[in-house]
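What follows is a set of notes on a single structure, which appears directly below.
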Amino acid sequence: MNRRHFLHQGLKASAGLIALPAASRVGVAANDAAIQLTRSDKPPARIPPDFMGLGYEMSSVATAGLLSAHNDRYVRLVRQLGLHGVIRVGGIVADYTHYAANGTAVAEPKNTVITRACIEQFGGFLKAVGWTAIWSVNFAQGRMQEAVDEAAAVSAILGSSLQAFEIGNEVENYQNGEEPFRARPYTYEIYRAEYSVWREAILSAVPQARFAAPDTASNVEWVERMAQDAHGDVQLLTTHYYRNGQQRGSAEQLLRPDPALQQKLTRLRAASQSSGIPWRMCETNSFSGGGKPGVSDTFLGALWTLDFMLLLAANGCSGVNMETGVNQLGFVSSYSPIQDDGNGLNRAGVPYYGMLACAEAMRGCTDFIAMDGVDPASGLTAYAMGRAAKISSLVVINRSDNDALLSIANLGMARPEVMRLQAPAIDSRDGITFAGAAIGADGNWSAVNAEAIHGAQIPVSRMSAAVIRSSS
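Numbering (our numbering), first residue to last: 683 to 1154.
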């Protein structure tokens, strides 16, 4: 069965997996010409050590035993993605969250209660994984004093593990919906004035507080305007991105570049550069509403995750928080990198493999080096990373219908080795491996097959990816 039929059938959530030709085979015809990869003359982008990130609805913090230092499997899965990273807690549930220091914790989409004990559990988790956090307060409901009390408790408990506060979630949408949080028109000017009042109130209780804003759903103009008039009021520019909504999502949309995304990334990078404030994609994944079953949770979702994260890094993004866990609708999202059975058992979801490959590619790298030689519209992308402008890591993602042969002769990589991300088929939910190994039931992974490359040509089969690293 061909890819076109998969794209047609992939929209039917009730359909079983569709058998496609294996994507794990490697090889090209002897007369195929190798694609020459070369360095671009574009300036490199910095890769922050905490680029990696996960995002959660606020209800996850209120769930006993979930984001806990005692949840060994979860701790292992997060730490495996990097020594440093950022966990963002907020989402739409933050708009329906209350803080009751000594109350009873509740984890419900529209009635979450965070207690001091919840924050202490989360603080222990952050220390166990070595990551920091972005914490959202409930700006939507207008309970400013409650937010100040919550911020003071969060700062006192998390300490150096707290990176920044967010005041609001997808704020430009507060005027929308059947029960809007703000009267129309809710303009940037009105939001900015409110933000300033809340920021000053939080600073009065937490003088060292840092802030991430404006945390828009998709509005780039509000990010640009915040960057222009920040005046020290924000230390991190934030926005969200989803390829599409669940009902309008399709497999085809994860196979090719989003035509609107590059323009958005160019504007965000320019706003960051002009203001000197880093920007972060603090909530993102494939399709909003929990992802598209049969698409987001397949090997295609893993390839998209890997490509998307690297594309953001190439455009100067300081970090990416891939949304995971139980969403605002109350169920575990199809796109979730870490799955949860609701009874305390966590495991790696298929998209986790894309994050793992990204983490392995970035390991030890500080610079993102632009590449020439491939056309993303063809389904083939390539990304290079290294230190001091020296390439030590290369990622090739092949979402085309054809095997590819690439030449790295011009990249100066010493003794390259290849770790392949592959699966039986593009719609596989099982059988995925990275460097010859699957992620174990205990959350552990270790490479078992790093291929030595002899010569300068590397084959990458269709519907697969390869992480190439210098071994010296």
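Backbone N, C-alpha and C define an ideal beta-carbon position, used for all residues, glycine too.
Everything numeric in this text was worked out from a predicted model, so none of it was measured.
Discussion item. Assuming contact is defined by CB atoms lying nearer than 8 Å, are G1001 and R962 in contact in what I supplied?
Written reply: yes
Discussion item. Bridge partners for T814 per DSSP, in chain order?
Written reply: V768
Worksheet item: Between which two residues does the beta strand (DSSP E) containing I1051 stretch?
Response: D1049 to I1051
Worksheet item: So what does DSSP say about A711, is it helix, strand or coil?
Response: Its pLDDT being 35, under 50, A711 is placed unreliably in this model, and the value from its coordinates should be taken loosely. Three-state DSSP puts A711 in coil, outside helix and strand.
Fill in: Segment limits, alpha helix (DSSP H) that includes V1100
Premise fails: V1100 lies in the beta strand (DSSP E), P1098 to Q1104, not in any alpha helix (DSSP H).
Worksheet entry | Helix, strand or coil at A912 according to DSSP, with G and I counted as helix | coil
Practice prompt. Work out the CA separation of R825 and L1062 for me, nearest whole Å.
Written response: 49 Å
Worksheet entry | Local conformation of Q1039 per DSSP, three classes | The displayed chain sequence assigns Ala, not Gln, to residue 1039. Helix.
Fill in: Whole runs of the beta strand (DSSP E) within the stretch 832 to 901, excluding any shorter than 3 residues
844 to 849 and 893 to 898
Practice prompt. In angstroms with no decimal places, state the Cα-to-Cα distance between L808 and L840.
Written response: 8 Å
Worksheet item: Which word fits Y803, buried or exposed, when buried means at least 16 other C-beta atoms lie within 10 angstroms of its C-beta?
Response: The sequence given here places Gln at residue 803; Tyr does not occur at that position. So Q803 counts as buried.
Worksheet item: Based on the DSSP secondary-structure assignment, which residues constitute the bridge partners of S1089?
Response: According to DSSP, S1089 bridges with Q718 and Q1139.
Item to complete: Using beta-carbon positions only, say whether L936 and G972 come within less than 8 Å of one another.
Response: no
Worksheet item: When DSSP labels each residue in this structure, what does Q966 get in the three-state scheme?
Response: Checking the sequence, you will find Thr at residue 966 rather than Gln. If DSSP states are grouped into helix, strand and coil, T966 belongs with the strands.
Discussion item. So the candidates are Y738, D732, P726 and T720; which of them puts its Cα closest to the Cα of V1014?
Written reply: Y738
Discussion item. DSSP three-state label for A751, please.
Written reply: coil
Discussion item. What does the Cβ neighbour count give for V1142, buried or exposed, with the cut at 16 atoms within 10 Å?
Written reply: Buried: at least 16 other Cβ atoms inside 10 Å.
Worksheet item: Taking buried to mean at least 16 other C-beta atoms within 10 Å of its own C-beta, is L765 buried or exposed?
Response: exposed
Item to complete: Give a yes or no on contact between the stretch 1130 to 1140 and the stretch 1079 to 1094, applying the rule of three or more CB pairs nearer than 8 Å.
Response: Touching, yes.
Worksheet item: With burial defined as no fewer than 16 other Cβ atoms inside 10 Å of the residue's Cβ, what is the status of N820: buried or exposed?
Response: buried
Worksheet entry | Whether G850 touches A883 by CB criterion (8 Å) | no
Worksheet item: Which one of D1054, G1125 and P1106 has the shortest CA to CA distance from R721?
Response: D1054
Fill in: Cross-strand partners of K675 (DSSP beta bridge)
This structure cannot settle anything about residue 675, because the visible part of the chain is limited to 683 through 1154.
Worksheet item: On the premise that R1102 lies in contact with A1117, defined as a C-beta separation below 8 Å, what is that separation, rounded to the nearest angstrom?
Response: 7 Å
Worksheet item: For the stretch 716 to 730 against the stretch 1033 to 1050, are there 3 or more C-beta pairs whose distance is under 8 Å?
Response: yes
Worksheet entry | Beta-bridge partners of N793, as assigned by DSSP | DSSP lists no partner for N793.
Worksheet item: Below 8 Å between beta carbons: does that hold for P1031 and D979?
Response: Here the sequence assigns Gly to residue 1031, which means Pro is not the residue at that position. In this structure, G1031 sits near D979, with a CB-CB distance shorter than 8 Å.
Worksheet item: For R1081, which residues from the same chain have a beta carbon less than 7 Å from its beta carbon, with the 5 sequence-adjacent residues on both sides left out?
Response: L937, L985, G1061 and M1145
Worksheet entry | Presumed contact (8 Å Cβ cut-off) between A887 and A833, rounded CB distance | Confirmed, about 6 Å.
Worksheet item: Using 8 Å as the threshold, is the stretch 925 to 934 in touch with the stretch 945 to 959, meaning 3 or more CB pairs across them?
Response: The stretch 925 to 934 is not in contact with the stretch 945 to 959.
Worksheet item: Under the three-state reduction of DSSP, which class applies to A757: helix, strand or coil?
Response: Sequence check: residue 757 is Val here, not Ala. DSSP places V757 in helix when its eight states are reduced to three.
Fill in: Selected residue, minimal CA-CA separation from T745, among A716, D1124 and A787
A787
Worksheet item: Between which two residues does the alpha helix (DSSP H) carrying Q944 extend?
Response: L943 to S957 is the extent of the alpha helix (DSSP H) around Q944.
Worksheet entry | E1005 - partner residues in DSSP beta bridges | G737
Worksheet item: For the ligand PLP, any of its heavy atoms closer than 7 Å to the Cβ of I1020?
Response: Annotation note on the ligand PLP: not contained in the displayed structure, which lists no ligands.
Discussion item. Tell me the rounded alpha-carbon separation between E828 and S970.
Written reply: 29 Å
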